[in-house]
Structures are given as structure tokens and as C-alpha cells.
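Asker: Shown below is the structure under consideration.
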Amino acid sequence: MSGAPARRRLLAVIGSALLVLLALASLGIGRYSVPFATVVDILRAPLWPVEVHWSAAEQLVVWQLRLPRVLAALLAGAALALAGATLQGVFRNPLVDAGIVGISGGAAGGGVLALFFAWPGLAVAGLAFAGGLAALALVFAISRRSDPRELMTLVLAGLVIGQFCSALVSLLVYCADPERQLPGIVYWLMGSFARIDPQRLALLAGPVLLGGVLLYRLRWRINLLSLDAADAASLGVPVVATRWLLLTLVALLVGAQVAVSGGIGWVGLIVPHLARRLVGPDHRVLLPASALLGALLMLAIDDLARSLGAQELPVGLLAALLGTPLFAYLLWRRRSGGGLWS
Amino acid sequence: MELAIRLDGLGHRYGAEDWLFRELSGVVRRGEVLAILGPNGRGKTTLLNILLGQLRPTQGTVAVDGSIGYVPQALNTPFPYSVLDMVLMGRARHVGLLRSPTRHDHAIAHAALDELGIAALAARAFTTLSGGQRQLVLFARALAAESELLILDEPSAALDLRNQKIILDHIAKLAARRGLSVVFTTHQPQHASSVADSALLLMPDASALWGPSREVLSEAALTRLYGIELRRVRVGGEDGGELGFVPVFGRR
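These protein sequence lines are chains A and P, in that order.
Residue 1 is where the first sequence starts when you use full-length UniProt numbering, and the numbers rise one by one after that.
Residue 1 is where the second sequence starts when you use full-length UniProt numbering, and the numbers rise one by one after that.
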């Protein structure tokens, strides 16, 4: 085990380097492609003098269109992965993501509601964000009447709220005008970074950075919460309060992600599994590793989404198409003795 | 001597079921080892849960002075944490909400592993250990908590004879050296007689017998406790040897 910290440091360095390289490359990828070296020059031009050898259009694409989008993909990927790693620890269950406590369902419900009434874009984001938090608050209200330590009540309450939100979304989709409203709603539900602007980026960055830093600081507590509740309590852990604190932070992260980029599944479920394979189960290391890996994966998926076809594919759709076989592979490895956790 | 635990008229029953125990009063002093004995389903674990503050008694009061380190019978973790990570979790009371264990906490965890002679397991995954090794790790975790009081739920149940001896020796040593009060439940009267200063027998009729273990652990009391015949025997030694208890099984 003495080699493990060195290996983790190496992985962190490799991961960070990959992230920077991919982010730079992503600024050039797309229908209007910009060479890598030009991207680097455009980015460093404000800091020190570089001879301008690029067009105004290239400058605009890199700074105004792609940079917010790349940053948004990084933040959203990190947020989903952090949320997944936290939830899998808190619920002591490998098959858990933000759907489990109704957060992503509530956020989707809020967003679709705003789209249905054709409210402006920021209202869609705001309602989606509020919807995630409201769903969690409802789960809290329902589950608090029984034994507060019992996880199963929480899961069932989350299931109920999630299903209700999904029914609400179906109702709005059914009632939506197929010409004017439906395409927008369906496309939003499939997730996309195509409509990121500085305002939306700020709406994403604020909650994700705040929630992310707090989750990072609380990461050792997730180890404690992953013990059974009575055992954690015997160690002096305020189990219920810590659990709700973590869930609220997760709602902050996932609500913000859905608010600006719509429904994106699978990333939150799979990334913690991949990270666990690389760095082990200790959440002190797993959380930062998941965030890094989630950011990397989300960015790669978004790059694929806008370069695979003539028309841009929704990232949520692509994430599911790539995520399901990956998860199947993890399951297959488990059956042949690999272990789902290790 | 200072008191670690005081029970006053303690009684418990679940709903309208029969009383598990009633009118239980007594004290555990600093540095004292108390063994709790009783047949299955007689309320040993219930009593521990009340001491741990996880269950409210039906009657009476409990006062516990100091923090408790608890060693459960068994623990399943969904993640294959390393043994060191498991023992570090014992530091939960000493690590701030937004902090992670420091070097000092790591040193204490390593010291606890050393003390129980399982330092070599530090990097192993807890989930791959045998029942006996897990028990020792949970014991180390409780030591790392640096509590004034140690509560162990049937610490010898899953252990082979050698590991039973290791655990019992540590219980005796901790009480003597660190002045820790230790409460443990057991099905082995001999474990109680060998390391416990006092014994609490939770009788089938919800009454209890609580006193110095030499006096309480009599043939008559144990026979009444378990409803089978038990013999108290001396095992080896010129100076009278150790006390042993032998249940009388089989055909008469």
C-alpha cells in the first residue's frame, strides 16, 4: 500500500494534464474547426503579445461560443460525478444516482413546466434548479415521519416523488403543441450544452463550485455515513443531519446541471465506479478522482456530440448510448470475479 | 472511585411484550470490567443499545460519564475500505465536520493496530478479512476513538480459542493500564470469571443478579440462568488454578 499514494499522485497529474489538453482541443473541435496552436494563441493573446494570425470569426468562436460551453461541460460532468459518488456512499449502494431521491426528476419537471408555458430561458433554468430542491424537500417531508435513520423510507419517498415528476413531464409533453412546444421540450430533456451563454455558465458555476467545495471538505464524512447508521452513530456521527446536509449539496449540484444543460443520465452512475477502480473506495480520494474523471468524460461526450454527425446530437442521449454498454462491461467483469467495487 | 455508568431502576420491554429486565440498578466504576450474561433474547443487546443512547428505556434512567467506544459483533461495509481506513473512522469524534483525519489521527490509528498486533493488516481490505480479524479491527477502531468507556457486544462469539484469549487479555490490560471501563456481553461464564470484576446476570424471569463476578458466578445462579446444569471446576495450577464452567450436555 506504500506505493498507493504515489500512484494516486501520478493518476492525478495524468488526469489533470489530459483535462487541460482535451479542454484546449475541444475549443477547436466542431463544425467550425480551429487548429490547436491557434486556439492556444487566441487564449494567451490577452496575457502577452502574440502576432494576430487568426480571423475575427475564429476569435469569436473560441471566446464567445466554445469557452463557455467547454467550461459548462467540465462543471456539469464534475457535478454529476461528485453527486453520484456522494449518493452511492450515503445510500451504501452502487446502483444509485441523482434519480434516487427525486432530485433529477424534480429538476426535469420544473424545466419542462417553464418550457411548456414558454417562459424565457432563464426561467427554465431557475425553475429546474428550484424543482430539484423542491423534490428533495418533499422527500424530506414524507420520510421524516418514520424512523429518520431508515434509508428505505428515503428511497421509497424518492421513488414516489420521482415518479410523480415523471408523470407530470409526460402530461406536459402530451399536452404540448407538437409544432411549437414539443421539439424544444424533447430536445431539452435529452440534454445539451448547445445553448450555454455566460449567464447560464454563471448559474451553473455558482452552485457547482459552492456545493463542490463543501462536498470536498465533507468527503471523509461519506466514509462514515457508508457504515450502517447505528454503527456510524456509535462513532459519534450525527447521521441524519450529515446525510441531509450531503443530500442538499447534491441537489444544489444536480439542480444546477439540469437547469443549464437538461437531462443527462449515466455519468453520475458510472464515473464513481470507474474512479473506484483507479483509486479505491476511500471517499477522501474517490471524490476528487470522480470529479476529474466526470469532467473529462462529459467533455469527451460533448465533443463527440458536436462532431459525430452533420447535426449536433443531444449529450444526454449520447451519454446513455455510451454509458449503458460501459456499465454492462463493468457488470460482466463482476461476474467473472472482478468485483463491482474494486 | 469515579463512576462511569449508573443505572437506576432500569427496565425495558418492547410494546406490550414481557419485560426483558426490570428494576435494574447498579454502577460501573472507572477501570472496572463488567460482563453481562443471559440467555438468547433476554435483553443483553437491548441493554447495550440503551447504554449507547440508541434506545430509550421503558423505565428508569441511565447516566454515562464519558464517551463510548463500541465494538459491534460484526459489521458489513458495502465498500472494501482498507483496515487503516476502518480504524481511522474511530476518530470521528476528534475530527471536525469539514476536516479529514490528520497525521496525528493516522498515528493513533497505527498505534491501535500495533497494540492489537494486527499492524500487518493495515493495507488489507476489511471485506476480505476473516470474522476474527474483523473483530480485532473493530476493537482497534474503538481504541482509536480514545473513549473512557468500551462496550463490546459478544466480542468472542466469532473467534477461535486463540483470538478469544487475545481479546480477553486486551480487555483486562486496557482496564488495568488505561483505566478504561469495559462492558461486554458473553455466553461464556469463564470469560466473565477470568477478566470481569463484576458480572450482571439477566435472569429468565426479568430479575437480575449483579455483583462481584466471583460471588455472582455460582453453579446455582448459572444453572438458573441457562436452565441447564453447570459445574464450576478448577483447571490446573497448584495455587487453585483458573475457574472454569462446564455445561452438562448429553445422556445421563
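For each residue, glycine too, the CB sits at the ideal point set by N, CA and C.
Who are the neighbours of GLY90 (chain P) on chain A, taking C-beta pairs under 9 Å?
Answerer: Within the second sequence, the letter at position 90 stands for residue 90 (chain P). Correct list: LEU235.
Asker: Return helix, strand or coil for VAL233 (chain P), following the three-state DSSP convention.
Answerer: Indexing the second sequence from 1 puts residue 233 (chain P) at position 233. Reduced to three states, the DSSP call for VAL233 (chain P) is strand.
Asker: Counting contacts by CB-CB distance shorter than 8 Å, is LEU218 (chain A) in contact with chain P?
Answerer: As a first step, residue 218 (chain A) is located in the first sequence; it is residue number 218 there, counting from the start. Yes - at least one Cβ of chain P is within 8 Å of the one on LEU218 (chain A).
Asker: Cβ atoms of VAL83 (chain P) and ARG124 (chain P): under 8 Å apart, would you say?
Answerer: One-based indexing of the second sequence puts residue 124 (chain P) at position 124. One-based indexing of the second sequence puts residue 83 (chain P) at position 83. Yes. Within cutoff.
Asker: Among A:LEU218, A:PRO281, A:ALA275, whose alpha-carbon lies nearest the alpha-carbon of VAL250 (chain A)?
Answerer: Numbered from its first residue, the first sequence carries residue 250 (chain A) at position 250. Ranking A:LEU218, A:PRO281, A:ALA275 by Cα distance to VAL250 (chain A) puts A:LEU218 first.
Asker: With PHE129 (chain A) as the anchor, note down where its alpha helix (DSSP H) starts and where it stops.
Answerer: Position 129 of the first sequence, counting from 1, holds the residue named residue 129 (chain A). Element bounds for PHE129 (chain A): 121-143.
Asker: Just to confirm the assignment, what range does the beta strand (DSSP E) spanning GLU242 (chain P) have?
Answerer: For this step, residue 242 (chain P) is matched to residue 242 along the second sequence. 242-247 is the extent of the beta strand (DSSP E) around GLU242 (chain P).
Asker: What does the alpha-carbon distance come out to for the pair SER194 (chain P) and ALA35 (chain P)?
Answerer: By 1-based counting over the second sequence, the position of residue 194 (chain P) is 194. By 1-based counting over the second sequence, the position of residue 35 (chain P) is 35. Distance between the alpha carbons of SER194 (chain P) and ALA35 (chain P): 10 Å.
Asker: Taking the beta carbon of TYR81 (chain P) as the centre, do at least 16 other beta carbons fall within 10 Å, making it buried, or is it exposed?
Answerer: Walking along the second sequence from the start, residue 81 (chain P) turns up at place 81. TYR81 (chain P) is buried by the Cβ-count criterion.
Asker: The beta strand (DSSP E) spanning TRP210 (chain P) covers which residue range?
Answerer: Position 210 of the second sequence, counted from the first residue, corresponds to residue 210 (chain P). Taken as a continuous stretch (DSSP letters only), the beta strand (DSSP E) holding TRP210 (chain P) covers 208-212.
Asker: Go to GLU23 (chain P), then tell me how far its beta strand (DSSP E) extends in each direction, as first and last residue.
Answerer: Here residue 23 (chain P) corresponds to residue number 23 of the second sequence, with the count starting at 1. Counting along the chain, the beta strand (DSSP E) containing GLU23 (chain P) begins and ends at 21-29.
Asker: If we define contact as Cβ-Cβ less than 8 Å, is THR248 (chain A) a contact residue for chain P?
Answerer: As a first step, residue 248 (chain A) must be located in the first sequence, where it is residue number 248. Not closer than 8 Å to any Cβ of chain P, the Cβ of THR248 (chain A) fails to qualify, so no.
Asker: For HIS283 (chain A), I'd like the list of residues in its chain whose CB is within less than 6 Å of its CB, leaving aside the five on either flank, ordered along the chain.
Answerer: Within the first sequence, numbered from 1, the residue matching residue 283 (chain A) stands at position 283. Only GLY89, ARG219, ILE222, ASN223 meet the Cβ criterion.
Asker: Given this structure, state the Cα-to-Cα distance separating LEU10 (chain A) from ALA4 (chain A), to the nearest angstrom.
Answerer: The residue labelled residue 10 (chain A) in the question sits at position 10 within the first sequence. The residue labelled residue 4 (chain A) in the question sits at position 4 within the first sequence. Distance between the alpha carbons of LEU10 (chain A) and ALA4 (chain A): 10 Å.
Asker: Determine whether the Cβ of ALA45 (chain A) lies closer than 8 Å to any Cβ atom of chain P.
Answerer: Against the first sequence, residue 45 (chain A) aligns to sequence position 45. False, the Cβ-Cβ gap to chain P never drops below 8 Å.
Asker: With DSSP collapsed to three states, give me the class of TYR216 (chain A).
Answerer: As a working note, residue 216 (chain A) is residue 216 in the first sequence. Three-state result, TYR216 (chain A): helix.
Asker: Give, in chain order, every unbroken run of the beta strand (DSSP E) that is at least 3 residues long and sits entirely within the region 45-88 of chain P.
Answerer: As far as the region 45-88 of chain P is concerned, its whole beta strand (DSSP E) runs of at least 3 residues are 59-64, 68-71.
Asker: Answer yes if the region 127-138 of chain P comes into contact with the region 43-56 of chain P, meaning at least three C-beta pairs across the two stretches below 8 Å, and no otherwise.
Answerer: Counting Cβ pairs under 8 Å, fewer than three are found: no touch.
Asker: List, in order along the chain, the chain A residues whose C-beta lies closer than 9 Å to that of ALA111 (chain P)?
Answerer: In the second sequence, counting from the first residue as 1, residue 111 (chain P) sits at position 111. Within 9 Å Cβ-Cβ: nothing; ALA111 (chain P) doesn't reach chain A, min ~18 Å.
Asker: Who are the neighbours of GLN54 (chain P) on chain A, taking C-beta pairs under 7 Å?
Answerer: Here residue 54 (chain P) corresponds to residue number 54 of the second sequence, with the count starting at 1. Within 7 Å Cβ-Cβ: ALA230, ALA233.
Asker: Please state whether the Cβ-Cβ distance between LEU297 (chain A) and GLY30 (chain A) is less than 8 Å.
Answerer: Indexing the first sequence from 1 puts residue 297 (chain A) at position 297. Indexing the first sequence from 1 puts residue 30 (chain A) at position 30. Taking 8 Å as the Cβ cut-off, LEU297 (chain A) and GLY30 (chain A) do not qualify as a contacting pair.
Asker: Roughly how many angstroms lie between the CA atoms of ALA12 (chain A) and ALA289 (chain A), to the nearest whole one?
Answerer: Translated into positions along the first sequence, residue 12 (chain A) becomes position 12. Translated into positions along the first sequence, residue 289 (chain A) becomes position 289. Computed Cα separation, rounded: 7 Å.
Asker: To the nearest angstrom, how far is it from the Cα of ALA107 (chain P) to the Cα of ALA144 (chain P)?
Answerer: Position 107 of the second sequence, counting from 1, holds the residue named residue 107 (chain P). Position 144 of the second sequence, counting from 1, holds the residue named residue 144 (chain P). About 10 Å.
Asker: Whole alpha helix (DSSP H) runs in the region 139-223 of chain A with 4 or more residues, listed along the chain?
Answerer: The region 139-223 of chain A contains these whole alpha helix (DSSP H) runs: 151-175, 182-189, 198-217.
Asker: Return the CA-CA distance between HIS191 (chain P) and LEU168 (chain P), expressed in angstroms with no decimal places.
Answerer: Along the second sequence, read from residue 1 onward, the residue named residue 191 (chain P) stands at position 191. Along the second sequence, read from residue 1 onward, the residue named residue 168 (chain P) stands at position 168. Roughly 7 Å separates the two Cα atoms.
Asker: Can you pull the chain P residues whose beta carbon is under 9 Å from the beta carbon of LEU197 (chain A), in chain order?
Answerer: Here residue 197 (chain A) is taken as the residue at index 197 of the first sequence, counted from 1. The displayed chain sequence assigns Asp, not Leu, to residue 197 (chain A). Ordered by position in chain P, no residue passes the 9 Å Cβ test against ASP197 (chain A), which lies about 34 Å from the chain.
Asker: Exposed or buried, which one is MET152 (chain A) when buried takes at least 16 other CB atoms within 10 Å?
Answerer: Residue mapping note: residue 152 (chain A) aligns to position 152 of the first sequence, counting from 1. Label assigned to MET152 (chain A): exposed.
Asker: Go to ILE151 (chain P), then tell me how far its beta strand (DSSP E) extends in each direction, as first and last residue.
Answerer: Residue numbering aside, residue 151 (chain P) sits at position 151 when the second sequence is read from its first letter. Element bounds for ILE151 (chain P): 149-152.
Asker: Thinking C-beta only, is CYS175 (chain A) closer than 8 Å to GLY109 (chain A)?
Answerer: Taking the first residue of the first sequence as position 1, residue 109 (chain A) is located at position 109. Taking the first residue of the first sequence as position 1, residue 175 (chain A) is located at position 175. Cβ distance not < 8 Å, so GLY109 (chain A) and CYS175 (chain A) don't count as in contact.
Asker: Compare the C-alpha of LEU87 (chain A) against each of A:LEU225, A:LEU171, A:VAL315 and name the closest.
Answerer: Along the first sequence, one-based indexing puts residue 87 (chain A) at 87. Comparing Cα positions, the closest option is A:LEU225.
Asker: Output needed for ASP85 (chain P): all residues of its chain with C-beta closer than 6 Å, excluding positions within five of it in sequence on either side, in chain order.
Answerer: Position 85 of the second sequence, counting from 1, holds the residue named residue 85 (chain P). Here the set comprises nothing.
Asker: Using the DSSP secondary-structure output, state which residues sit across from LEU10 (chain P) in a beta bridge.
Answerer: On the second sequence, position 10 is the one that residue 10 (chain P) refers to. Looking at the DSSP assignment, LEU10 (chain P) forms a beta bridge with P:LEU24.
Asker: Name the DSSP bridge partner or partners of ILE5 (chain P)?
Answerer: Taking the second sequence and counting its residues from 1, the one referred to as residue 5 (chain P) is at position 5. Paired residue(s): P:VAL28, P:VAL64.
Asker: Within its chain, find whatever has a CB closer than 7 Å to the CB of LEU116 (chain P); leave out the 5 residues flanking it on each side and keep chain order.
Answerer: Translated into positions along the second sequence, residue 116 (chain P) becomes position 116. Excluding residues within five positions, the ones whose Cβ falls inside 7 Å are LEU136, PHE139, ALA140, HIS170.
Asker: Buried or exposed: where does GLU58 (chain A) fall if 16 or more other Cβ atoms within 10 Å of its Cβ makes it buried?
Answerer: Locating residue 58 (chain A) in the first sequence gives position 58, counting from the first residue. Its Cβ being crowded by 16 or more others within 10 Å, GLU58 (chain A) is buried.
Asker: Can you find a CB in chain A that lies within less than 8 Å of the CB of ARG93 (chain P)?
Answerer: Numbered from 1 along the second sequence, position 93 holds the residue referred to as residue 93 (chain P). Chain A contact via Cβ: present.
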